[in-house]
Amino acid sequence: MRRRRWARDRELRAPRSPQHLSTADFLTLGNAVCGFLAIYSITTGVLIPHITNPDAAPDRHSAATAVTLLLIGSMCDLFDGLVARKLRSSALGAELDNLADLISFGIAPAYFVAVWGMVSQGSNRTLSALIALTVLLAVVLRLARFSAVKMRPGVFQGMPCPMGAMTVIAIVLLDPPFLPGLLAIFGAAYLMVSRIEYPKPQGLLATATLCWVVVAIGCLAAWATGLPGGDTLMHVGAFAQITLAAMAPLLVIRRKVGQKVGDVRARRAESRLG
1 MRRRRWARDR ELRAPRSPQH LSTADFLTLG NAVCGFLAIY SITTGVLIPH
51 ITNPDAAPDR HSAATAVTLL LIGSMCDLFD GLVARKLRSS ALGAELDNLA
101 DLISFGIAPA YFVAVWGMVS QGSNRTLSAL IALTVLLAVV LRLARFSAVK
151 MRPGVFQGMP CPMGAMTVIA IVLLDPPFLP GLLAIFGAAY LMVSRIEYPK
201 PQGLLATATL CWVVVAIGCL AAWATGLPGG DTLMHVGAFA QITLAAMAPL
251 LVIRRKVGQK VGDVRARRAE SRLG
């Protein structure tokens with residue numbers, strides 16, 4: 001009886017043929033759709049109106065819609081892996097996931113940076129396009145390394161693409177001075193291809209990530225609709241996103257400094273004893 005049940009469970013969890021899509025694959029495709037719609041929203045609501053009337057202010061509603069779509073895409077990316085582990089996955093799962101991530105967390109944030117360089121005052125289109133290309137290449141390298149390099153369980157090497165994309169977009173939403181903004185975006189791109197370890201969103205961390213996405217969507221809604229305090233909520237949310245992204249490298253620096261201090265103290269203790 002146990003053998004039959006084990007065989008049935010094994011068959012249920014076995015990968016499907018490439019002709020069939022699993023439930024997790026539909027979530028992955030939803031991520032890709034959200035990335036495309038975000039690009040469409042920014043194009044129709046921000047870029048085209050700016051080309052038609054350069055003096056017009058960017059449409060907050062379109063910008064907030066685009067960012068919300070990417071946040072929903074990150075939720076799909078969070079849950080497709082969980083669903084794939086719980087239910088039956090397909091042979092296309094890993095490939096679909098990389099392609100969807102490239103659209104939502106590579107092309108879309110790079111496009112945000114390029115459009116920001118076109119509509120922001122005091123900007124330079126060439127420099128913004130170069131930094132946008134840097135973001136795109138960082139995501140491409142990050143995804144390729146994720147597929148080729150095996151890491152120890154529970155960690156990512158480099159900042160995950162969804163976090164990197166939302167950090168880049170948070171910088172754009174803050175609309176900082178052009179050159180400091182480009183440097184901050186370049187820093188986010190570097191963190192994605194760095195060897196700094198970031199924890200995987202599992203268990204309580206996955207729940208906290210989901211709660212953070214819901215809070216971020218609420219902040220964007222308040223900002224887009226012009227509610228009192230909406231600007232403050234958006235700025236607080238953007239700064240919080242940047243802080244979260246910077247926590248891992250700061251912890252690494254703190255650990256290295258602590259190790260060096262400990263080594264110095266150990267050498268002093270040895271010299272005193274000697």
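Each residue of the sequence shown is one higher than the last, beginning at 1 in full-length UniProt numbering.
A virtual CB, placed ideally from N, CA and C, is assigned to each residue, including glycine.
Requested in this report: Find out if the Cβ-Cβ distance for the pair S22, R85 is shorter than 7 Å.
Outcome: No, the Cβ-Cβ distance between S22 and R85 is not below 7 Å.
Report task. Would you list the one or two residues that DSSP bridges to Q157? Result -> Answer by DSSP bridge pairing, in chain order: E197.
Query raised in the report: What residues are listed by DSSP as bridge partners for S123?
Result: Bridge partners of S123: none, in fact.
Query raised in the report: What are the uninterrupted segments assigned as alpha helix (DSSP H) that are 4 or more residues long and contained completely in the segment 84 to 125, given in chain order?
Result: 93 to 102 and 108 to 119
Requested in this report: Between the Cα of L27 and those of A94, A266, A56 and G45, spot the shortest distance and give me the residue it belongs to.
Outcome: A94
Requested in this report: Please state whether DSSP places S128 in a helix, a strand or coil.
Outcome: For S128, the three-state secondary structure derived from DSSP is helix.
Requested in this report: Can you grab the Cα-Cα spacing for the pair L71 / F79, in whole Å?
Outcome: 13 Å
Report task. Determine, using beta carbons only, whether T65 and S41 come nearer to each other than 7 Å. Result -> yes
Query raised in the report: Which same chain residues, not among the five before or five after I39, have their C-beta less than 6 Å away from its C-beta?
Result: Excluding residues within five positions, the ones whose Cβ falls inside 6 Å are A108 and Y111.
Requested in this report: Go to V213, then tell me how far its alpha helix (DSSP H) extends in each direction, as first and last residue.
Outcome: From DSSP, the alpha helix (DSSP H) with V213 extends over L204 to A224.
Query raised in the report: How many Å lie between A269 and V115 at the Cα?
Result: 58 Å
Query raised in the report: Out of curiosity, what's the CA-to-CA distance linking H61 and T225?
Result: 7 Å
Query raised in the report: Where does R272 sit, in a helix, a strand or coil, going by DSSP?
Result: helix
Query raised in the report: With 16 as the cutoff for other CB atoms within 10 Å, does Q241 come out buried or exposed?
Result: buried
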